[in-house]
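K.L.:
In this note's numbering, the protein residues as written are 2 to 614.
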Amino acid sequence: MIKSSRKSYFFLLMLSLMMALAPLSSVGYAASPAKTWVSPGYDSDTPGFGMTHFQKIQEAVNAVADQGTVWVGEGVYNEMVFVNKPGLRLTAEEGAVLEEDQQATTSKEITPAGFPSGFHVSAEGVTIEEFTIQNYSGAGIYLEELGNNTTIQKNRILHNNFDGIRSHSDNNLIEQNIIQGSQYTGIYATGSSNTIADNQLEDYGEVGIFIEGPQESSHIVKDNHLDGGQKAFAGIIVDGTADSLLCSNTVQHHLYYGVGLAGGRSLLRQNQITHSGIWGLLVFHTSLDAKTQADPPGGDDLNRIEDNLIAQNGGKEVMVPKSLDTFETFVIEEEGGGILTTEGNLFRRNAIYGNEGHGLYVESMKMRATDLPEEEVKIDAVLNWWGHTSGPYQASTNPYGLGDRVCDRVDYSPWLLAPPDAADPSATKTDSLSEGETLAIEDAVSTEVIQGSGTVTVGQYLENPVPASLLGSVGMYVDVYITSPHDIDELQIKLFYENSFEKEEDFVLHWWDGSDWIPCSDSEVNSEGLYVSARITADSIPALDDLTNTVFAAGLIETEEEPFEDEPEEEPKEEPEEELPKTGGFPYTGLGLIIASAGLLMKNKKSRFLFRP
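#1: Is A312 near Y258, with beta carbons less than 8 Å apart?
#2: Going by CA-CA distance only, name the one from T448, G460, H511, G455 that's closest to G473.
#3: Taking the straight line between their C-alpha atoms, what separation do you get for T133 and L159?
#4: Out of D67, P41, A66, Q68, point me to the one whose CA is closest to F55's CA.
#5: If you follow the alpha helix (DSSP H) that N527 is part of, which residue opens it and which one closes it?
#6: Using CA coordinates, which residue listed in A554, G556, L91 is at the minimum distance from D156?
#7: Should H121 go down as buried or exposed, given a rule of 16 or more other Cβ atoms within 10 Å for buried?
#8: Please go through the segment 253 to 289 and give each complete beta strand (DSSP E) segment of 3 or more residues, from N-terminal end onward.
#9: Quickly, what does DSSP pair G76 with across the bridge? List them, please.
#10: Roughly how many whole angstroms lie between the Cα atoms of S427 and V479?
#11: For T584, which three-state DSSP category applies?
#12: Can you check DSSP and say which residues form a bridge with T37?
#13: Taking only three categories from DSSP, how would you classify D547?
#14: Report all residues from its chain with a CB closer than 6 Å to the CB of Q273; omit the five preceding and five following residues, and keep chain order.
#15: For the candidate residues I166, D171, Q184, S170, whose alpha-carbon lies nearest to that of Q177?
#16: Rounding to the nearest angstrom, what Cα-Cα distance links G76 and A263 in this structure?
#17: K495 bridges to which residues according to DSSP?
#18: Using the rule of at least 16 other Cβ atoms within 10 Å of the residue's Cβ for burial, across every protein chain shown, is N527 buried or exposed?
#19: Quick one, which of E131, N172, L283 has its alpha-carbon nearest G338's?
#20: Hey, out of E207, N200, E213, Y498, whose CA is closest to S193's CA?
#21: With a cut-off of 8 Å on the beta carbons, I'd call I537 and L492 a contact; round off their distance for me.
#22: Between the segment 437 to 448 and the segment 396 to 407, are three or more C-beta pairs nearer than 8 Å?
#23: So for A61, helix, strand or coil by DSSP?
#24: Exposed or buried, D102, counting other C-beta atoms within 10 Å across all chains shown (16 or more means buried)?
#25: Using a 10 Å radius around the Cβ and a threshold of 16 neighbouring Cβ atoms, would you call L463 buried or exposed?
#26: Look at the alpha carbon of S470 and the alpha carbon of F497, and state the distance between them as a whole number of angstroms.
#27: Is it the case that the Cβ atoms of Q621 and H226 are separated by a distance below 8 Å?
#28: I need the boundaries of the beta strand (DSSP E) containing F211, first residue and last residue.
#29: If you measure between the beta carbons of I489 and S534, is that distance less than 8 Å?
#30: At 4 residues or longer, what runs of the alpha helix (DSSP H) sit wholly inside the segment 456 to 524?
#31: Straight-line CA distance for I238 to S138?
#32: Am I right that E436 and G453 are in contact with their C-beta atoms under 8 Å? What's the rounded C-beta distance?
#33: Which word fits P420, buried or exposed, when buried means at least 16 other C-beta atoms lie within 10 angstroms of its C-beta?
#34: Out of H255, T151, Q271, which one is the CA nearest neighbour of I306?
#35: Can you tell me the Cα-Cα spacing of K379 and V475, whole angstroms?
#36: Going by DSSP in three states, V84 sits in which element: helix, strand or coil?
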């Protein structure tokens with residue numbers, strides 16, 4: 002019995018241990034660590050070596066669980082990393098460098114791109130941050146079509162032979178990276194709904210940011226700084242996509258053009274595009290319109306270009322590479338300038354100035370299907386600042402404009418009378434006037450040269466363009482600018498109003514001196530003609546020299562009420578005392594003084610009433 006019982010005990014004990022260990026063995030086989038660590042200094046003496054701690058990034062990626070994190074320490078890693086697990090986060094310490102070992106690379110058919118890349122991503126939701134990725138034959142980071150919802154942030158991506166980042170997937174965030182020395186593009190992206198923000202791109206061979214189709218896609222490109230070093234072909238190109246937003250980018254020093262939009266309905270807002278060799282901005286409808294019947298001008302099929310600075314482009318003499326290592330200077334045949342466009346685009350409140358050739362030029366319409374004759378197609382470019390109050394130069398319609406030149410198919414009037422932070426005028430005109438000649442905006446303002454001759458610009462505002470109201474204003478605000486005030490000896494300004502007003506005879510023409518409304522020194526009212534006028538000379542208020550973007554309005558002179566002053570009271574004469582009535586009552590002398598004092602106050606108070614409509 003004893004022997005049998007011992008056998009039963011050991012049998013039960015072994016069975017219990019096997020049952021307990023079986024699930025543990027199964028879990029250990031299936032589970033992967035949520036975090037792994039990488040360092041060139043790890044070895045077999047490192048706790049967790051080969052399980053959670055590795056010398057190679059690829060080994061750590063292979064070992065970590067989906068949605069896990071790979072921590073990469075300081076050091077140089079000569080490898081190409083394939084990331085095929087969803088939700089993986091790869092985070093580097095400062096000094097972690099991923100670099101191709103070109104001597105060890107024997108096959109070029111490693112990736113769909115045909116060349117090795119630093120990171121090759123084929124899973125969704127991956128994050129790659131704070132690495133230095135350099136000297137790869139392909140791209141620094143390559144995203145396949147399956148690599149959607151990827152975040153690439155705070156990396157230094159340097160001197161890669163093709164692209165800094167190449168993406169073929171959707172909904173990716175590429176932000177706060179430094180990308181330098183890419184042979185072709187800094188960032189190349191297809192797919193849709195990608196955001197490219199706050200990156201610094203320099204020294205790329207061809208294009209800084211290139212976004213390409215499909216037609217139903219859209220992207221956000223904002224707050225990026227691109228410097229082409231006067232040798233890269235272009236800064237930003239958006240080709241064939243729809244509804245993309247390009248906002249607050251700085252694009253400068255490019256060989257051919259700064260920004261190019263081809264097809265789609267992009268919004269270009271608050272960008273600075275400067276120092277391009279030929280054109281600052283190209284806006285075409287080639288990619289979409291060559292394939293489909295386009296909407297007529299003024300429809301929804303247009304790009305909007307608003308509140309941008311497009312200046313100092315079209316330098317003509319540019320550096321063009323003969324090969325990758327040599328450059329040749331030559332003078333381009335194309336004139337260049339600020340903007341080259343086809344029709345179907347809208348330009349508003351841009352600062353377009355200092356450009357060689359044209360500020361805005363309309364290219365041939367041959368690639369766009371339209372029923373309108375080419376000479377009748379107009380570009381809508383009103384309310385832009387062309388570098389001068391007199392507006393853009395146009396040989397037939399505004400020959401005295403001193404701003405950037407526009408071609409004859411640009412609808413530019415009214416233009417802004419000051420840079421875009423100023424109020425929008427509803428009408429503008431510029432002309433050269435001789436003695437006795439008049440420049441007028443109907444029912445608003447008229448200027449006549451009394452003596453001398455010169456170029457005058459007038460404008461009308463629908464609302465008060467300055468930050469202070471004018472007492473009794475008739476609601477009309479106009480602007481007068483003289484290009485050469487010393488060529489005119491005397492000018493008369495008439496400001497018109499529509500209806501008769503009470504106290505009309507008290508109206509005075511005022512001018513805005515930059516901080517307050519000042520009455521003109523020689524102002525008259527014509528009640529029959531419904532206008533207020535003033536003559537401006539070298540010694541008047543304002544003087545001719547003050548007519549540089551000078552706003553005028555008609556109203557009343559606002560005066561302060563004079564302070565009340567009492568006349569000095571006379572010393573009361575002493576009267577003989579009288580006997581009080583025996584029936585009692587107030588002493589007459591005290592009550593009399595109170596009434597007399599009140600009467601004196603009423604008599605001497607100076608009343609003044611001002612007309613306030």
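Virtual Cβ for every residue (Gly too), placed ideally from N, Cα, C. Predicted, not measured: the structure shown is a model, and the values here were computed from it.
P.N.:
Here's the rundown:
#1: Judged by their CB atoms, A312 and Y258 are not nearer to each other than the 8 Å cut-off.
#2: Ranked by Cα distance from G473, the options T448, G460, H511, G455 are led by H511.
#3: Going from the Cα of T133 to the Cα of L159 covers about 7 Å.
#4: The shortest C-alpha separation from F55 is found at P41.
#5: Unbroken run through N527 is the beta strand (DSSP E), 524 to 527; no alpha helix (DSSP H).
#6: Correcting the residue type first, residue 156 is Asn in the shown sequence and not Asp. Residue L91 is the option with its Cα nearest to N156.
#7: When all chains shown are included, H121 counts as buried.
#8: Taken in chain order, the unbroken stretches of beta strand (DSSP E) that lie wholly in the segment 253 to 289 and span 3 residues or more are 258 to 263, 268 to 270, 273 to 275, 280 to 285.
#9: Within the DSSP bridge table, the entry for G76 names A97 as partners.
#10: Straight-line Cα distance between these residues: approximately 10 Å.
#11: Because T584 sits at a pLDDT of 40, beneath the cut-off of 50, its placement in the model cannot be relied upon, and the point is left open.
#12: Its beta-bridge partners are V71.
#13: Secondary structure of D547 (DSSP, three-state): helix.
#14: Same-chain partners within the cutoff: T251, L310.
#15: For the residues I166, D171, Q184, S170, the minimum Cα distance to Q177 belongs to I166.
#16: C-alpha separation (whole angstroms): 43 Å.
#17: In the DSSP output, where bridge partners are listed per residue, K495 has S447, S534.
#18: Around the C-beta of N527, fewer than 16 other C-beta atoms lie within 10 Å, and the residue is accordingly described as exposed.
#19: The candidate whose alpha carbon is nearest that of G338 is L283.
#20: Per the Cα distances, E213.
#21: Yes, they are in contact, since the Cβ atoms of I537 and L492 sit about 5 Å apart, within 8 Å.
#22: Touching, no.
#23: A61 falls in the helix class under three-state DSSP.
#24: D102 comes out exposed.
#25: By the neighbour-count rule (16 or more Cβ atoms within 10 Å), L463 is not buried but exposed.
#26: Taking the CA atoms as reference points, S470 sits about 18 Å from F497.
#27: Lying outside 2 to 614, the shown extent of the chain, residue 621 is not represented and no answer is given.
#28: Its beta strand (DSSP E) spans residues 208 to 213.
#29: With respect to S534, I489 sits apart: the two C-beta atoms are not nearer than 8 Å.
#30: The segment 456 to 524 is shown to contain no whole alpha helix (DSSP H) run of 4 or more residues.
#31: Their Cα atoms are separated by approximately 24 Å.
#32: That pair is a contact at about 7 Å.
#33: The residue in question, P420, is exposed, as its Cβ has fewer than 16 Cβ neighbours within 10 Å.
#34: Comparing Cα positions, the closest option is Q271.
#35: Rounded to whole angstroms, K379 to V475 spans 36 Å at the Cα level.
#36: Strand.
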